[in-house]
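Chemist: Sequential numbering from 48 applies to the sequence shown in the working numbering. Idealized CB from N, CA, C, for every residue including glycine. These figures come from a predicted structure and were not determined experimentally. Supplied in C-alpha coordinates, the structure appears directly below.
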Amino acid sequence: FSASAQEQRKIKHHQHHRANGIKMKELTLTQSQKEQIKASHDGYKKQLMELNKNEGITVKEAMDKKEALRKEHKDKMMALLTPEQKDKLIQLKKDRAVKHEAMAAKRLDKMKATLNLSDAQVAKIKAAKETTHAQLKAIKENEQLSRTEKKEQLMALKEQNKNSFKNILTPEQLSKMEEI
(Lines of atoms letter the chains of each structure in order from A and count residues from 1; the text may use other names and numbers.)
(Lines give C-alpha, C1' and ligand atoms only; values in the text may rest on other atoms or scores of the structure.)
Protein backbone atom coordinates (compact mmCIF):
# COMPACT_ATOMS: atom_id res chain seq x y z
CA PHE A 1 0.00 0.00 0.00
CA SER A 2 1.11 3.54 -0.62
CA ALA A 3 1.02 6.01 2.24
CA SER A 4 -2.15 7.68 0.95
CA ALA A 5 -3.91 4.33 0.42
CA GLN A 6 -3.04 3.29 3.96
CA GLU A 7 -4.31 6.62 5.27
CA GLN A 8 -7.56 6.25 3.31
CA ARG A 9 -7.99 2.74 4.69
CA LYS A 10 -7.47 3.99 8.25
CA ILE A 11 -9.95 6.82 7.73
CA LYS A 12 -12.49 4.44 6.18
CA HIS A 13 -11.99 2.07 9.12
CA HIS A 14 -12.44 4.98 11.51
CA GLN A 15 -15.77 5.88 9.89
CA HIS A 16 -17.14 2.62 11.19
CA HIS A 17 -16.29 3.52 14.77
CA ARG A 18 -19.25 4.08 16.94
CA ALA A 19 -20.17 6.89 19.27
CA ASN A 20 -22.63 5.61 21.84
CA GLY A 21 -23.50 2.73 19.54
CA ILE A 22 -24.06 4.97 16.51
CA LYS A 23 -21.99 4.61 13.37
CA MET A 24 -20.11 7.83 12.76
CA LYS A 25 -20.54 7.44 9.00
CA GLU A 26 -24.25 8.14 9.46
CA LEU A 27 -23.34 11.70 10.44
CA THR A 28 -21.85 12.46 6.98
CA LEU A 29 -18.60 13.86 8.30
CA THR A 30 -16.42 16.06 6.14
CA GLN A 31 -12.88 14.95 5.33
CA SER A 32 -11.57 17.61 7.72
CA GLN A 33 -13.82 16.34 10.52
CA LYS A 34 -12.70 12.77 9.89
CA GLU A 35 -9.07 13.80 10.13
CA GLN A 36 -9.67 15.86 13.29
CA ILE A 37 -11.60 13.01 14.90
CA LYS A 38 -8.85 10.57 14.01
CA ALA A 39 -6.18 12.88 15.45
CA SER A 40 -8.23 13.40 18.61
CA HIS A 41 -8.88 9.68 18.96
CA ASP A 42 -5.19 8.87 18.47
CA GLY A 43 -4.30 11.44 21.14
CA TYR A 44 -6.89 9.96 23.48
CA LYS A 45 -5.52 6.45 22.96
CA LYS A 46 -1.98 7.71 23.58
CA GLN A 47 -3.08 9.39 26.84
CA LEU A 48 -4.76 6.16 27.97
CA MET A 49 -1.63 4.16 27.19
CA GLU A 50 0.50 6.64 29.15
CA LEU A 51 -1.92 6.41 32.05
CA ASN A 52 -1.81 2.62 31.98
CA LYS A 53 2.00 2.72 32.16
CA ASN A 54 1.93 4.97 35.23
CA GLU A 55 2.48 2.65 38.17
CA GLY A 56 2.80 5.52 40.67
CA ILE A 57 -0.93 6.04 41.05
CA THR A 58 -3.68 4.04 42.70
CA VAL A 59 -6.30 2.11 40.76
CA LYS A 60 -8.93 4.62 41.90
CA GLU A 61 -6.85 7.55 40.68
CA ALA A 62 -6.29 5.79 37.36
CA MET A 63 -10.00 5.11 36.94
CA ASP A 64 -10.88 8.70 37.81
CA LYS A 65 -8.32 10.01 35.32
CA LYS A 66 -9.62 7.66 32.64
CA GLU A 67 -13.14 8.93 33.25
CA ALA A 68 -11.92 12.54 32.99
CA LEU A 69 -10.09 11.71 29.75
CA ARG A 70 -13.21 10.02 28.36
CA LYS A 71 -15.35 13.08 29.13
CA GLU A 72 -12.76 15.41 27.61
CA HIS A 73 -12.58 13.23 24.48
CA LYS A 74 -16.37 13.18 24.15
CA ASP A 75 -16.53 16.97 24.51
CA LYS A 76 -13.89 17.36 21.78
CA MET A 77 -15.84 15.05 19.48
CA MET A 78 -19.07 16.96 20.05
CA ALA A 79 -17.28 20.27 19.42
CA LEU A 80 -16.26 19.02 15.96
CA LEU A 81 -19.86 18.36 14.89
CA THR A 82 -22.08 20.90 13.16
CA PRO A 83 -25.49 21.72 14.66
CA GLU A 84 -27.11 19.58 11.95
CA GLN A 85 -24.85 16.64 12.78
CA LYS A 86 -25.61 17.05 16.49
CA ASP A 87 -29.33 17.01 15.67
CA LYS A 88 -28.81 13.90 13.55
CA LEU A 89 -26.90 12.27 16.45
CA ILE A 90 -29.78 13.05 18.82
CA GLN A 91 -32.25 11.57 16.33
CA LEU A 92 -30.13 8.44 15.87
CA LYS A 93 -29.99 8.00 19.65
CA LYS A 94 -33.79 8.34 19.83
CA ASP A 95 -34.19 5.80 17.04
CA ARG A 96 -31.87 3.41 18.87
CA ALA A 97 -33.90 3.88 22.07
CA VAL A 98 -37.13 3.03 20.20
CA LYS A 99 -35.49 -0.08 18.77
CA HIS A 100 -34.26 -1.03 22.24
CA GLU A 101 -37.77 -0.64 23.65
CA ALA A 102 -39.19 -2.84 20.89
CA MET A 103 -36.64 -5.54 21.71
CA ALA A 104 -37.46 -5.26 25.43
CA ALA A 105 -41.18 -5.63 24.66
CA LYS A 106 -40.40 -8.70 22.56
CA ARG A 107 -38.38 -10.22 25.45
CA LEU A 108 -41.24 -9.50 27.86
CA ASP A 109 -43.73 -11.17 25.50
CA LYS A 110 -41.46 -14.21 25.32
CA MET A 111 -41.16 -14.22 29.11
CA LYS A 112 -44.96 -13.96 29.40
CA ALA A 113 -45.42 -16.99 27.18
CA THR A 114 -42.59 -19.04 28.69
CA LEU A 115 -43.49 -18.37 32.32
CA ASN A 116 -47.25 -18.14 31.74
CA LEU A 117 -47.42 -14.68 33.33
CA SER A 118 -50.73 -13.05 34.11
CA ASP A 119 -51.57 -9.59 32.78
CA ALA A 120 -51.19 -8.23 36.32
CA GLN A 121 -47.70 -9.70 36.59
CA VAL A 122 -46.75 -8.23 33.20
CA ALA A 123 -47.99 -4.80 34.31
CA LYS A 124 -45.97 -5.05 37.55
CA ILE A 125 -42.84 -6.08 35.63
CA LYS A 126 -43.28 -3.15 33.23
CA ALA A 127 -43.74 -0.73 36.12
CA ALA A 128 -40.69 -2.11 37.92
CA LYS A 129 -38.65 -1.83 34.71
CA GLU A 130 -39.67 1.80 34.21
CA THR A 131 -38.84 2.66 37.82
CA THR A 132 -35.49 0.90 37.58
CA HIS A 133 -34.69 2.66 34.30
CA ALA A 134 -35.47 6.07 35.80
CA GLN A 135 -33.32 5.34 38.85
CA LEU A 136 -30.49 4.05 36.66
CA LYS A 137 -30.57 7.20 34.54
CA ALA A 138 -30.58 9.41 37.65
CA ILE A 139 -27.54 7.62 39.08
CA LYS A 140 -25.57 7.78 35.83
CA GLU A 141 -26.35 11.47 35.28
CA ASN A 142 -25.60 12.51 38.88
CA GLU A 143 -22.23 14.25 38.60
CA GLN A 144 -22.11 14.79 42.39
CA LEU A 145 -21.47 11.08 42.92
CA SER A 146 -17.99 9.63 42.66
CA ARG A 147 -17.38 6.68 40.37
CA THR A 148 -17.30 4.37 43.42
CA GLU A 149 -20.57 5.75 44.79
CA LYS A 150 -22.21 5.29 41.39
CA LYS A 151 -20.99 1.71 41.24
CA GLU A 152 -22.33 0.99 44.75
CA GLN A 153 -25.71 2.51 43.93
CA LEU A 154 -25.91 0.63 40.64
CA MET A 155 -25.14 -2.66 42.41
CA ALA A 156 -27.82 -1.91 45.01
CA LEU A 157 -30.28 -1.09 42.22
CA LYS A 158 -29.44 -4.38 40.49
CA GLU A 159 -30.14 -6.27 43.73
CA GLN A 160 -33.37 -4.32 44.26
CA ASN A 161 -34.47 -5.18 40.71
CA LYS A 162 -33.69 -8.86 41.31
CA ASN A 163 -35.75 -8.81 44.52
CA SER A 164 -38.68 -7.14 42.76
CA PHE A 165 -38.96 -10.23 40.55
CA LYS A 166 -39.18 -12.38 43.66
CA ASN A 167 -42.19 -10.34 44.76
CA ILE A 168 -43.91 -10.51 41.36
CA LEU A 169 -43.34 -14.10 40.24
CA THR A 170 -44.58 -17.27 41.89
CA PRO A 171 -41.99 -19.75 43.21
CA GLU A 172 -42.67 -22.02 40.23
CA GLN A 173 -42.15 -19.15 37.78
CA LEU A 174 -38.93 -18.13 39.55
CA SER A 175 -37.50 -21.64 39.33
CA LYS A 176 -38.52 -21.88 35.66
CA MET A 177 -36.89 -18.49 34.96
CA GLU A 178 -33.66 -19.64 36.60
CA GLU A 179 -33.61 -22.71 34.35
CA ILE A 180 -33.78 -20.55 31.23
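With distance defined between alpha-carbon atoms, name the residue in K135, V169 and E119 nearest to Y91.
Modeler: Within the sequence shown, the letter at position 44 stands for residue 91. Measuring from the Cα of Y91, the nearest candidate turns out to be E119.
Chemist: According to the neighbour-count rule (16 or more other Cβ atoms, all chains shown, within 10 Å of its Cβ), is M71 buried or exposed?
Modeler: Counting from 1 along the sequence shown, the entry for residue 71 is found at position 24. Burial call: buried.
Chemist: What does a CB cutoff of less than 7 Å around A126 pick up in its chain, not counting 5 residues either side in sequence?
Modeler: In the sequence shown, the residue the question calls residue 126 occupies position 79. Excluding positions up to five away in sequence, the list is empty.
Chemist: Determine whether the beta carbon atoms of T75 and K133 lie at a separation below 9 Å.
Modeler: As a position in the sequence shown, residue 75 is number 28, starting the count at 1. As a position in the sequence shown, residue 133 is number 86, starting the count at 1. Cβ distance not < 9 Å, so T75 and K133 don't count as in contact.
Chemist: Do L201 and K213 have their CB atoms nearer than 9 Å?
Modeler: Indexing the sequence shown from 1 puts residue 201 at position 154. Indexing the sequence shown from 1 puts residue 213 at position 166. Taking 9 Å as the Cβ cut-off, L201 and K213 do not qualify as a contacting pair.
Chemist: Report the rounded CA-to-CA distance for A170 versus M110, giving the unit in angstroms.
Modeler: Locating residue 170 in the sequence shown gives position 123, counting from the first residue. Locating residue 110 in the sequence shown gives position 63, counting from the first residue. Going by the C-alpha atoms only, they are around 39 Å apart.
Chemist: Relative to the alpha-carbon of K198, which residue among M224, S79 and K107 has its alpha-carbon at the smallest distance?
Modeler: Numbered from 1 along the sequence shown, position 151 holds the residue referred to as residue 198. Of the listed residues, the one whose Cα sits closest to K198 is K107.
Chemist: Keeping to the same chain, check which residues put their C-beta closer than 8 Å to that of N99; ignore five residues upstream and five downstream.
Modeler: One-based indexing of the sequence shown puts residue 99 at position 52. Within the same chain, N99 has close Cβ partners A109.
Chemist: From K176 to K113, what distance separates their C-alpha atoms?
Modeler: On the sequence shown, position 129 is the one that residue 176 refers to. On the sequence shown, position 66 is the one that residue 113 refers to. Answer to the nearest angstrom: the Cα atoms are 31 Å apart.
Chemist: CA-CA distance, L139 and I227?
Modeler: Counting from 1 along the sequence shown, the entry for residue 139 is found at position 92. Counting from 1 along the sequence shown, the entry for residue 227 is found at position 180. Rounded to whole angstroms, L139 to I227 spans 33 Å at the Cα level.
Chemist: Report the three-state DSSP secondary structure of N208 (helix, strand or coil).
Modeler: In the sequence shown, counting from the first residue as 1, residue 208 sits at position 161. Looking at N208 - three-state DSSP - the assignment turns out to be helix.
Chemist: Which residues bound the alpha helix (DSSP H) around T178?
Modeler: Here residue 178 corresponds to residue number 131 of the sequence shown, with the count starting at 1. Segment D166 to E188, the alpha helix (DSSP H) holding T178.
Chemist: Look up Q191 in the DSSP assignment and say whether it is helix, strand or coil.
Modeler: Locating residue 191 in the sequence shown gives position 144, where the first residue counts as 1. In this structure, Q191 counts as coil in the three-state DSSP scheme.
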